[in-house]
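Comments concern the structure below.
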């Protein structure tokens, strides 16, 4: 793999922690503003839904809780695998990996994509999917593939960040990594998100 | 010129069989094991030298090499593991 592509998929190998932290925090702030403006809510660590009454404080809390939850679980796992793992390296990976997910939400706000999505929602509600024009279906297919690509890129970033921070080399490390992400999703959906809704 | 440390035909570690004085050409023959440092690859020797010159600071080394701290620390861990295997 060329050096440039390596940087795209594993910036953690090259850039110092300060630069990564700055990029990650800027990404987090932009995602908060985007979620608030686009009226979206993180009802799962890796799931987003529209919510009409999202406040700025709510968007901040959701973004911070999601990031910290994944960061804390992966830091704990990292320290168990390699005691020399630094929390800052794991937190940077957690922050940076959310940037492609934020870009995905941004793409969904493009007017023609939003219109196509609304059209599909209305058709599903009215039970008349067969009336949807071909162009709408094409847009939804391309957008779905794009969202999948953003999600895969985000996971690749998180895996590479974790691998670099922890020096993970065994298959069991990656199995535990996947288990930690599933646990984060379960904790957030079952315990934290219902709590956040009460604020 | 690069000092060969492994046999090019069977890849076993090489020993020193002759040393010679550059001035009078006196030669000493025998079967001497290479010092431990010379058994490492050139890159590994350079890594140890850089670590020494950076006063043992991995952070400083990573800055000089233009890579992140964990990447440099991982390289160090790999080397420690290799040296431990070689000495055990």
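Protein chains in written order, with this note's numbering: chain A, 1 to 199; chain B, 200 to 287. Glycine is no exception: its CB is placed at the ideal position from the N, C-alpha and C atoms.
For residue j and residue i, believed in contact at Cβ under 8 Å, the rounded distance
| i | j | result |
| --- | --- | --- |
| residue 188/A | residue 66/A | 7 Å |
| residue 99/A | residue 27/A | 4 Å |
| residue 158/A | residue 69/A | About 13 Å separates the two Cβ atoms, so there is no contact after all. |
| residue 201/A | residue 13/A | Any answer about residue 201/A is impossible in this case: the structure gives chain A only from 1 up to 199. |
| residue 20/A | residue 96/A | 6 Å |
| residue 52/A | residue 39/A | 6 Å |
Backbone secondary structure at residue i - three-state DSSP
| i | result |
| --- | --- |
| residue 167/A | coil |
| residue 41/A | strand |
| residue 205/B | strand |
| residue 75/A | helix |
| residue 263/B | helix |
| residue 111/A | helix |
| residue 92/A | helix |
| residue 132/A | coil |
| residue 200/B | coil |
| residue 293/B | Beyond the ends of chain B as shown, which are 200 and 287, falls residue 293/B; an answer cannot be given. |
| residue 255/B | coil |
| residue 198/A | coil |
| residue 86/A | coil |
CA-to-CA distance, residue j to residue i, given in whole angstroms
| i | j | result |
| --- | --- | --- |
| residue 148/A | residue 101/A | 10 Å |
| residue 84/A | residue 165/A | 9 Å |
| residue 285/B | residue 50/A | 59 Å |
| residue 170/A | residue 186/A | 25 Å |
| residue 176/A | residue 237/B | 40 Å |
| residue 35/A | residue 59/A | 6 Å |
| residue 122/A | residue 143/A | 18 Å |
| residue 76/A | residue 211/B | 43 Å |
| residue 264/B | residue 231/B | 35 Å |
| residue 248/B | residue 272/B | 15 Å |
| residue 43/A | residue 252/B | 52 Å |
| residue 10/A | residue 161/A | 7 Å |
Cβ of residue i within 8 Å of any chain A Cβ
| i | result |
| --- | --- |
| residue 256/B | no |
| residue 269/B | yes |
| residue 276/B | yes |
| residue 241/B | no |
| residue 170/B | Residue coverage of chain B in this structure runs from 200 to 287, which leaves residue 170/B outside it and unanswerable. |
| residue 273/B | yes |
Beta-bridge pairing of residue i - partner residues as DSSP gives them
| i | result |
| --- | --- |
| residue 219/B | 226/B |
| residue 231/B | 215/B |
| residue 50/A | 40/A |
Residue-chain proximity (residue i, chain B), Cβ-Cβ < 8 Å
| i | result |
| --- | --- |
| residue 15/A | yes |
| residue 89/A | yes |
| residue 12/A | yes |
| residue 80/A | no |
| residue 51/A | no |
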